[in-house]
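This report refers to the structure that appears directly beneath it.
Here's what the structure looks like:
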């Protein structure tokens, strides 16, 4: 199987193919990097299942896509086992250090200090990725962890050729990385962004992966690596302790579930807001026949559903281990009907009428996603992150571990926007050991005949991208279509529809503006959706990788 898959990947790399299909196939994998997709098939060839493949893909992405994820970050792994219908979500989200407190990013006047929660060691939360990989391997995999980590170790030791996307995101964070010489040695040889197709080798990261492979959880959260992590963070102004690392635990959570026009939806539970926002928006839209609406009205209705779901995100959502959230109410179809009653088909509801006006802040890009399914229907949707590109811009010396800046996903002060323009309430304030709220939305869709596995990076825009893809699935389209749907986004605050170039016609822009919407074209096309599909009747598989990125989707024998 792997030889055939590797050949398909080679063709994809050489000729720029983003989708590869084959009938009678064994598995489909779509990820943000060809080497990560290949790693998943390599492990399955050795006898691993889809969950072993998920470990291999996750770890390899941590090596080859340091702009989006890494051992210093975290994420969510949504799992389905077809034999008994078992579903769970592994919550490997980062946690606040035990010394963290609500005012840690405020000055003496109580104002948020710009970029303190984004750049450098104080921005870094305790990583969840390594613990999640160990948990996923030991509880659901067939192979030893060391076997599943081999492709990642090889990529770190031997190196890989960087692409244009890597260079673009590195340029975005270059000034922060330059402030940390040992980090700059890894990513900025000769003090500048390397040329395309330069080889990036990460021997320290390979060593850390080997420690994880040999000692499991203790290879990262204890011993030599833990000592280096704590020393490196504190020398750079952070507040980590060995107790922070030793006490970190992943959580298994029941996914949130809903339905839309006969489609079963399974998605991310808190500490992610993604599943709730997705299902709430779809519940609102279930009262309309979007296929009968003209395109302008359709986009208006979808926008208004986004606005109301994101408003509830702001008010109610955070870490369910720390706060009580009205989850049942937010997922209730009758509650959605009440929200729908305030929606006019000819006029926008200004967000200021729902909450006070807040000035927007700049946004960025982040995160990665992969999707896996086999011909039996076992599947994984995983969205992983270190937040902003290249996280905090600091790798702990001697470890190769690039630290996240996920502390910015907390509400540094209620009502103040974070780096993605999202507003938080007291539900998402900083507390020791707390998981920060996320927008990650790994999702399964099942219409009784076909199953979709999908997700994407994109910061606060993740959930609306998955929403648009889910609506496209409902129209009967396949993965190639879901990942290319023109995107637009509304998140309650700022009160603006952001849209990709070409996603709105001139007439639609004029018409939506007349309805009271504010509109802004995005600076770039955004997202990097990875999607696979399984036909329950024929057992045929399909896969697609977003052309906005540099990933690869392969259906392999």
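Residue numbers (my numbering): 297 to 853.
Cβ coordinates follow ideal geometry from the N, Cα and C atoms, glycine included.
Check                                                                                                                                                       : Outcome
Whole-angstrom Cβ separation of residue 348 and residue 411, contact assumed at under 8 Å?                                                                  : The Cβ separation is near 39 Å, so there is no contact.
Could you tell me the alpha carbon to alpha carbon distance between residue 405 and residue 398, rounded to whole angstroms?                                : 14 Å
Here's the rule I'm using: 16 or more other beta-carbon atoms within 10 Å means buried, otherwise exposed. How should residue 846 be labelled?              : buried
Which residue's Cα is closest to the Cα of residue 749: 706, 561 and 504?                                                                                   : 561
Secondary structure at residue 549, three-state DSSP: helix, strand or coil?                                                                                : strand
In angstroms, rounded to a whole number, what distance separates the CA positions of residue 612 and residue 490?                                           : 44 Å
Provide the residue(s) that pair with residue 556 in DSSP beta bridges, ordered along the chain.                                                            : 559
Quick one: what's residue 675 bridged to in DSSP?                                                                                                           : 376 and 669
Assuming residue 751 contacts residue 762 under a Cβ cut-off of 8 Å, what Cβ separation, rounded to an integer in Å, is found between them?                 : 6 Å
Nearest to residue 576 by CA position, among 606, 586, 418 and 567, is which residue?                                                                       : 606
Work out the CA separation of residue 635 and residue 604 for me, nearest whole Å.                                                                          : 7 Å
Apply the 10 Å Cβ neighbour rule to residue 588 and answer buried if 16 or more other Cβ atoms are within range, or exposed otherwise.                      : exposed
What does the alpha-carbon distance come out to for the pair residue 429 and residue 731?                                                                   : 18 Å
Taking only three categories from DSSP, how would you classify residue 399?                                                                                 : coil
Buried or exposed: residue 828, going by 16 or more other Cβ atoms within 10 Å of its Cβ?                                                                   : buried
Locate the alpha helix (DSSP H) running through residue 831, then write down its first and last residues.                                                   : That residue, residue 831, is in no alpha helix (DSSP H); its beta strand (DSSP E) goes 826-831.
Looking at the unbroken beta strand (DSSP E) that takes in residue 475, where does it start and where does it end?                                          : No beta strand (DSSP E) contains residue 475, which DSSP labels as neither H nor E.
Would residue 609 and residue 427 qualify as a contact pair, given that the criterion is a beta-carbon distance under 8 Å?                                  : no
Quick check: is the beta carbon of residue 681 nearer than 8 Å to any beta carbon in chain B?                                                               : Note that chain B does not occur in the displayed structure, where there is just one protein chain.
What residue does the alpha helix (DSSP H) around residue 458 start on, and which one ends it?                                                              : Here residue 458 belongs to no alpha helix (DSSP H), and DSSP marks it neither H nor E.
Quick one: measure Cβ to Cβ for residue 468 and residue 496, integer angstroms, because I've assumed they're closer than 8 Å.                               : With 8 Å as the limit, residue 468 and residue 496 do not qualify as a contact, their Cβ atoms being about 17 Å apart.
Grab me the residues of residue 690's own chain with a C-beta within less than 7 Å of its C-beta, minus the 5 sequence neighbours each way, in chain order. : 416, 417, 476, 479, 532 and 699
Specify the secondary structure class of residue 618 as computed by DSSP and reduced to three states.                                                       : coil
Which runs of the alpha helix (DSSP H), 4 residues or longer, sit entirely within the region 758-839?                                                       : 758-770, 775-778 and 802-810
Sort out for me which residues DSSP pairs residue 371 with in a bridge.                                                                                     : 680
Are there 16 or more other CB atoms within 10 angstroms of the CB of residue 728, so buried, or fewer, so exposed?                                          : exposed
Mapping the DSSP letters down to three states, classify residue 385 as helix, strand or coil.                                                               : strand
Helix, strand or coil: which one does DSSP assign to residue 635?                                                                                           : helix
In the DSSP assignment, find the unbroken alpha helix (DSSP H) run with residue 518 in it and report its ends.                                              : Unbroken run through residue 518: none, as it is neither H nor E.
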